[in-house]
Each structure stands twice: as structure tokens, then as C-alpha cells.
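Residue numbers (the UniProt record's numbering): 1 to 334.
This is the structure in C-alpha cells:
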């Protein structure tokens, strides 16, 4: 068979402390080709359909000598994240042509490398059922100790993690306060059940928590000053769950009001989803039926075509994503 185009998105250069630059650090390369009749050597050939850009990928774009909990991406190789693929050919028992699979997927059109189905769009598997969904599920189920009638504040409540935290906590009978950066995101939080939703850029977080608190739980997706405000508005024996806090280091070095941890007997606990993949089987058993029944809602921002991969990745950090970014490589899977 004649060579077939096999475009990819490469990790081309290690960025500094700033965000990666499209065309410099992350590069779309349309030049590679592949023979679709290639010897599979007992494996199987897949075509990439959807890709899930994730915030944790930023930390993998580093010098391999720098220690971190995750392995670094390989320079000159495609980015890797959760993705949905279609099996084109297979020499592996239990895997057949036509199967759809979800797993770690190189950002390229074709790859020489489990079965999914559902009564909702395929994009959900790279949206709320990807890493952000499992992060929210692990945070609520393992760390929140949430009780009916309690009040939780969720920062970045329209994000992939935050929006699922809101709904899981509403299902447990909690009062939910959520914040986001735009009026559109505020409306989305209201649509998924937040009792109080506000734009933290136009409304003071402190004033909202003072009016609708005190709170028992704070699910932190942003770090920085919002932790301080939560501490000032928390009940005795409150809990703060930190899933991702770029500003937490700054907070700790300034020693602002951390004495409230002791005064109010507050538990502050950080966690990383990589330690909780044992929950994935339960997560994928419980969440898809709720999504199919409309009891859990999510919002995906679809980026069409592999060439939009760099924009999708950067949307995780520049505030332009209206929901969880998903790269739609094959346009029929929208």
C-alpha cells in the first residue's frame, strides 16, 4: 500500500517557566507517513479519533533530569494523553478491527499499539470520564468526608474537575457554592445545580463566603489567596482538599492565616489522582449510567482536527476553553 499521511503533535523543545509556545515547544508536524499494511508483530494498528489535553501534561514537558511524580515526555516524540482510538487491524487476541479503545494515546493519526460504548457522545470519554473526572471522583469519595447538609465551596467550578465536584456533592445533599471567571461559566454552574454561583473577577470571594457560609469544605482547584479566604470562612473541623494549586507554594511562604488550621481544627490535604487509579473501575461503572440518564452533565470544548492540538493544549491555561478541551481528530466522533 502507498504511504499514508501520519501527522503528529511533537514535544519539540523544553519550555522554561512560561507556558509552551506553539510552533516552538509544541509543533504540529504533517510530514510523517505510515504504511497501513505495516507488520504488526502481534500488536494492533489504531486510528486516533479523540484526544484529551490535560493540565498535568505541562509538568511532563521538562528536562528528564528534573525529578517529579510523573515521567517526562520524550523530546522529538508525540505528546501522549488519554485518547479514544479505533482499531483498524489486529494480531492480538481479544482485540478486533472495529473495536474502540480508551487509553494513553500518542498525538498522531495512526499508531502501532479497552472497549468502550455508551448512550452519550464519544467525546465524554476524553471529557468528564478522563483524568479530570477521576480526580473529582477521588477527591469527593476519598477525602471530602462529605455529609448531607454541609456547605462546600468549589473554585474553578466550571472546569472539568470543579463541575463534577459540584454535581457529586449535590447528589450527596450538600449546599454548593461555586466560582468561575466568566458570566457564561457562572450560568453553567447554575445549570448543573450550584446553589450559589458567582464570577470571582467581579464579585469578592470573601463577601460571598461571608454571606452564604460558613463553609465545611473547600475543594481547591486554583490555590493562592482563595485558600486564605476559605480559612477565614470555615466551620470548626472543616476540610480543604487541594487537587491542583499553582499558588499554594506562594501562600505557604507568606504564612498569612495558616494559624486558622489550628484554631478551627481544619484538615488541609493534598492528593494526586495517580495514587487513586484503583478507583477507575468503580468510576467507569458508576458515572457513565448517570451521564446517559442526564443526572451528570458536562461541557466539552471541541477543537476540530489534529492541527488544533496546540490551541487545545494552551486553552487549559489561558482561560479560553469553554469546558474540558477535547481534540476531535475524526470529525464523525462529535
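Here a beta-carbon is modelled for each residue, glycine too, at the ideal position from N, C-alpha and C.
Using the Cβ count rule (16 or more neighbours within 10 Å means buried), how would you classify residue i?
i, result
"residue 68", "exposed"
"residue 265", "exposed"
"residue 147", "exposed"
"residue 20", "buried"
"residue 211", "exposed"
"residue 282", "exposed"
"residue 239", "buried"
"residue 233", "buried"
"residue 332", "exposed"
Strictly by DSSP, which residues pair up with residue i?
i, result
"residue 14", "Residue 14 pairs with nothing; no bridge assigned."
"residue 44", "90"
"residue 267", "239"
"residue 202", "Residue 202 pairs with nothing; no bridge assigned."
"residue 324", "300"
Excluding the 5 residues preceding and the 5 following residue i in the sequence, name in chain order all residues of the same chain whose CB lies nearer than 6 Å to its CB.
i, result
"residue 104", "80"
"residue 195", "175, 176"
"residue 231", "257, 260"
"residue 270", "242"
"residue 7", "30, 109, 306"
"residue 73", "11, 60, 61"
Leaving out five residues before and five after residue i in sequence, what residues of the same chain have Cβ atoms less than 8 Å from its Cβ?
i, result
"residue 287", "128, 129, 133, 137, 296"
"residue 97", "87, 88, 89, 90"
Is residue i helix, strand or coil by DSSP?
i, result
"residue 62", "coil"
"residue 33", "strand"
"residue 296", "coil"
"residue 128", "coil"
"residue 116", "At residue 116, the pLDDT of 42 sits below 50, so the modelled position is not reliable and the matter cannot be decided from this model."
"residue 178", "strand"
"residue 228", "helix"
"residue 183", "helix"
"residue 335", "Any property of residue 335 remains undetermined from this structure, which presents the chain solely from 1 to 334."
In chain order, what residues of the same chain have a beta carbon less than 7 Å from the beta carbon of residue i, not counting five sequence neighbours either side?
i, result
"residue 13", "24, 25"
"residue 300", "123, 127, 323, 324, 326"
"residue 221", "155, 156, 159, 161, 162, 243, 244"
"residue 35", "1, 3"
For the ligand GTP, is there a heavy atom less than 7 Å away from the beta-carbon of residue i?
i, result
"residue 139", "Of the ligands one can find in the structure shown there are none, so the ligand GTP has no counterpart to examine."
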